[in-house]
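Asks: Structure provided below as structure tokens; questions to follow.
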Amino acid sequence: DTGVSQNPRHKITKRGQNVTFRCDPISEHNRLYWYRQTLGQGPEFLTYFQNEAQLEKSRLLSDRFSAERPKGSFSTLEIQRTEQGDSAMYLCASSPDSSYNEQFFGPGTRLTVL
Amino acid sequence: DQQVKQNSPSLSVQEGRISILNCDYTNSMFDYFLWYKKYPAEGPTFLISISSIKDKNEDGRFTVFLNKSAKHLSLHIVPSQPGDSAVYFCAPRRGGGSEKLVFGKGTKLTVNP
Numbered sequence: 849d850t851g852v853s854q855n856p857r858h859k860i861t862k863r864g865q866n867v868t869f870r871c872d873p874i875s876e877h878n879r880l881y882w883y884r885q886t887l888g889q890g891p892e893f894l895t896y897f898q899n900e901a902q903l904e905k906s907r908l909l910s911d912r913f914s915a916e917r918p919k920g921s922f923s924t925l926e927i928q929r930t931e932q933g934d935s936a937m938y939l940c941a942s943s944p945d946s947s948y949n950e951q952f953f954g955p956g957t958r959l960t961v962l
Numbered sequence: 070d071q072q073v074k075q076n077s078p079s080l081s082v083q084e085g086r087i088s089i090l091n092c093d094y095t096n097s098m099f100d101y102f103l104w105y106k107k108y109p110a111e112g113p114t115f116l117i118s119i120s121s122i123k124d125k126n127e128d129g130r131f132t133v134f135l136n137k138s139a140k141h142l143s144l145h146i147v148p149s150q151p152g153d154s155a156v157y158f159c160a161p162r163r164g165g166g167s168e169k170l171v172f173g174k175g176t177k178l179t180v181n182p
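So the protein lines, in turn, are chains A and B. Every number in my numbering is 848 more than the matching position in the first sequence, counting from 1. Every number in my numbering is 69 more than the matching position in the second sequence, counting from 1.
If you want it as structure tokens, here you go:
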């Protein structure tokens, strides 16, 4: 399977715990994105990497959120001290490096904070 | 501040007829417009796109029209098929060097056999 993969697919945690999600983009895609989707809304942009450089961050990405892409391949998104409002679907996407290109999304990680 | 509006939360059409999904936006900096469809428990799947310098793009049964002066775009699906039943999102790119996509809330399309 050459699509974007995300792990885990589901995560249930208690408020105050830390969680980490992983995204493996399509190979040779230089660009990687994280979005968050809550019920009844469209995906909301969180952050964007070109190779290992984090080039854009949304105001939604509070101090409790951190994303990395250390070797320009896979990426991790960590949420510290989770809150119930963090419950959402976290989507990862990747795209090749060109002016006009679509972002290919993974299946997402559904986070539930109890 | 909702920059992208899909004012119809749902749309129901008969198989074989045309489906028209609409999207309005406010930000004139948007430079590239994408449509995604999403099935339950899956990530969004790219469908079709259009550059801001064009007014129409066609791919098989799918055509996207862009009216920049009205800040409006629409997706036409002809003929509609039951497998097209999904949530459709309009997602312009922010532009100005940003790669951020700004999604609308989506329109749930149901195609009845």
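Cβ coordinates follow ideal geometry from the N, Cα and C atoms, glycine included.
List the residues of chain B whose Cβ lies closer than 8 Å to the Cβ of G954 (chain A), in chain order.
Replies: In chain order: G112.
Asks: First and last residue of the beta strand (DSSP E) that includes N126 (chain B)?
Replies: Per DSSP, N126 (chain B) belongs to the beta strand (DSSP E) from 125-128.
Asks: Could you please give the first and the last residue of the uninterrupted beta strand (DSSP E) stretch that includes D93 (chain B)?
Replies: Per DSSP, D93 (chain B) belongs to the beta strand (DSSP E) from 88-94.
Asks: Closest to K174 (chain B) by C-alpha separation, out of B:N91, B:Y101, B:T114, B:F158, would be which residue?
Replies: Measuring from the Cα of K174 (chain B), the nearest candidate turns out to be B:F158.
Asks: Using a Cβ cut-off of 7 Å (strictly closer), state whether E950 (chain A) contacts chain B.
Replies: At least one chain B Cβ lies under 7 Å of E950 (chain A).
Asks: Suppose you measure from the CA of L116 (chain B) to the CA of I146 (chain B); what does that come to, to the nearest Å?
Replies: Between L116 (chain B) and I146 (chain B), the C-alpha separation is close to 11 Å.
Asks: For D124 (chain B), tell me which candidate among B:T95, B:Y105, B:A139 has the shortest Cα-Cα distance.
Replies: Ranking B:T95, B:Y105, B:A139 by Cα distance to D124 (chain B) puts B:A139 first.
Asks: Considering just the uninterrupted stretch of the beta strand (DSSP E) at E843 (chain A), what are its terminal residues?
Replies: The shown model of chain A, from 849 to 962, leaves out residue 843 (chain A), and the question about it has no answer.
Asks: Less than 6 Å separating the Cβ of L962 (chain A) from some heavy atom of the ligand NAP?
Replies: What this structure holds is no ligand at all, so the ligand NAP is not there to describe.
Asks: Kindly indicate the opening and closing residues of the beta strand (DSSP E) around D872 (chain A).
Replies: 867-872 is the extent of the beta strand (DSSP E) around D872 (chain A).
Asks: For Q951 (chain A), does the three-state DSSP call read helix, strand or coil?
Replies: The answer is coil: DSSP assigns Q951 (chain A) none of H, G, I, E or B.
Asks: Have a look at A:V961, A:R907, A:F893 and flag the residue whose alpha-carbon is nearest the alpha-carbon of R929 (chain A).
Replies: Nearest of A:V961, A:R907, A:F893 to R929 (chain A), Cα basis: A:V961.
Asks: Here's a check: name, in chain order, each residue in its chain whose Cβ is nearer than 7 Å to the Cβ of D934 (chain A), leaving out the five neighbours to either side.
Replies: Here the set comprises I927, L959, V961.
Asks: To the nearest angstrom, how far is the alpha carbon of F893 (chain A) from that of G851 (chain A)?
Replies: Going by the C-alpha atoms only, they are around 20 Å apart.
Asks: Straight-line CA distance for P873 (chain A) to S79 (chain B)?
Replies: In a straight line, the C-alpha of P873 (chain A) is about 32 Å away from that of S79 (chain B).
Asks: Mapping DSSP to helix, strand and coil, what is Q83 (chain B)?
Replies: If DSSP states are grouped into helix, strand and coil, Q83 (chain B) belongs with the strands.
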